[in-house]
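As structure tokens, the structure follows; a few thoughts come after it.
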Amino acid sequence: MEIKNKHVMITGANRGIGLAFAEACAGEKAHLLLAIRKNDLQLVKDLKAKGAASVTILEADLATREGVTALAKKMENHEIDLLFNNAGQLTGGLIETQSLDDIYKMFQVNVNALVHLSHAVIPQMLKRKRGKIINHASVSAVMHFPCASTYAASKAAVWAFTDCIQQELKGTGVTTLCLFTPGIKTRMFDEIDRLYTKNIDIVEDSIPPEEYAKKILNAVKNDLVYLEPAGSTGMAFKVAQHFKGVFNWGISQKFKR
Ligand SMILES: NC(=O)c1ccc[n+]([C@@H]2O[C@H](COP(=O)([O-])OP(=O)(O)OC[C@H]3O[C@@H](n4cnc5c(N)ncnc54)[C@H](OP(=O)(O)O)[C@@H]3O)[C@@H](O)[C@H]2O)c1
């Protein structure tokens, strides 16, 4: 799918990977619909200066069903060619140390909101016989580490959901892209470091969000169904997918309670 002049909606577009992708789409002269928690006039100005054909803010808190319902209602007034379900939260640490309130909120944002917004946009895309939904999973959907239990469960759900609708949508003109994102240098990546490394010795490389946004854009243009990690993380990802016993043994060597 080409991006020029398309209407692109991004959740969590105020920082991190969402912002980098918004900037990349602005460079392609897209119309941007940004679902963010707080209106931000400077962000609108910056993205217009980077080339966006238009920028519209849809204020939304995805942490409640009411917040997502209100956003879905606003989406009825907009033609959306590309929906990027990007907003996400991280929970982590040994399971008994994780806050249940945080876990409920994280599943609401990472899974329920993503399913709800996909459910909201698919009918209008089917009517026009075109459109794409990008769902933000993670390498954690496949590579299961101690300390990542709840977050990994949310991202495995994103993968399963996206895989199922991809099959349902075959031949309709509506397509999906599931991102198996590796370490990207954002605020969330710093959190991963803080929450995991007390118990597990994983030194993950991270790439700048701008670089990753280019890879996402390329995957959109080439209509890829999955965006998988490259390099050494890519190899570990393949081992986790096809040789689970080997992967789990390797991880167990790096973990201590
Ligand atoms: N960074 C990585 O290494 C990595 C790896 C794999 C997957 N991912 C995935 O990439 C996506 C983006 O993460 P990031 O790395 O860019 O992290 P980030 O910088 O922490 O950004 C998270 C985004 O989600 C938004 N968000 C969180 N809770 C929300 C809520 N209740 N309502 C609306 N928006 C909410 C945040 O908005 P506020 O500013 O309002 O909080 C922010 O825009 C996430 O789905 C994450 O799971 C990241």
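All residue numbers for the sequence shown refer to this note's numbering, where the first residue is 4 and numbers rise by one. Every residue, glycine too, gets a C-beta built ideally from N, C-alpha and C.
{"Asked": "Residues that DSSP places opposite A159 in a beta bridge", "Found": "A159 pairs with nothing; no bridge assigned."}
{"Asked": "Local Cβ density within 10 Å of A239, reported as buried at 16 or more and exposed below that", "Found": "buried"}
{"Asked": "Cβ pair E26, E213 closer than 9 angstroms", "Found": "yes"}
{"Asked": "Backbone secondary structure at C150 - three-state DSSP", "Found": "coil"}
{"Asked": "With 16 other Cβ atoms within 10 Å as the buried cut-off, status of F246", "Found": "exposed"}
{"Asked": "Neighbourhood of T179 by C-beta, 8 angstroms cutoff - its chain only, sequence neighbours within 5 removed", "Found": "K135, I136, I137, N138, T165, I168, Q169, L172 and V228"}
{"Asked": "Beta carbon of L35 nearer than 9 angstroms to that of V58", "Found": "yes"}
{"Asked": "Residue ranges of each alpha helix (DSSP H) within the region 169-208, 4 or longer", "Found": "190-199"}
{"Asked": "Beta-carbon contacts of L117 that lie in its chain and below 7 angstroms, excluding the five residues immediately before and after", "Found": "N88, N138 and V161"}
{"Asked": "Residue nearest to E194 in terms of C-alpha spacing, selected from H81, L86 and L93", "Found": "L93"}
{"Asked": "Complete runs of the alpha helix (DSSP H) confined to the region 112-142 [at least 4 residues]", "Found": "117-131"}
{"Asked": "Distance between beta carbons of G19 and T184, contact taken as under 8 angstroms", "Found": "T184 to G19, Cβ: 11 angstroms. No contact."}
{"Asked": "CA nearest to the CA of M78, picked from H119, V112 and G95", "Found": "H119"}
{"Asked": "Beta bridge counterpart(s) of T14 as assigned by DSSP", "Found": "A38"}
{"Asked": "Bridge partner(s) assigned by DSSP for V58", "Found": "L35"}
{"Asked": "Beta-carbon contacts of K53 that lie in its chain and below 7 angstroms, excluding the five residues immediately before and after", "Found": "E26, A29 and G30"}
{"Asked": "Between the CA atoms of A66 and K48 - distance to the nearest angstrom", "Found": "27 angstroms"}
{"Asked": "Residue environment, G95, which counts as buried when at least 16 other CB atoms sit within 10 Å", "Found": "buried"}
{"Asked": "6 angstroms Cβ shell around I6 - same chain, five flanking residues per side excluded", "Found": "C28, E31 and A33"}
{"Asked": "Exposure of D261, with buried meaning 16 or more beta-carbon neighbours within 10 Å", "Found": "This structure gives no information on residue 261, because the portion of the chain shown stretches from 4 to 260."}
{"Asked": "Cβ-heavy atom distance, H147 to ligand 1, below 8 angstroms", "Found": "no"}
{"Asked": "One or two residues paired with Y229 in a DSSP bridge", "Found": "C181"}
{"Asked": "Closer than 8 angstroms: R197 CB and nearest ligand 1 heavy atom", "Found": "no"}
{"Asked": "Identity of the residues DSSP links to I210 by a beta bridge", "Found": "I187"}
{"Asked": "Three-state class that DSSP yields for L86 in the structure shown", "Found": "strand"}
{"Asked": "N42 to V177 span [Cα, whole Å]", "Found": "30 angstroms"}
{"Asked": "Below-9 angstroms beta-carbon distance, L74 vs any chain C residue", "Found": "In summary, chain C is missing from the structure at hand, where a single protein chain is found."}
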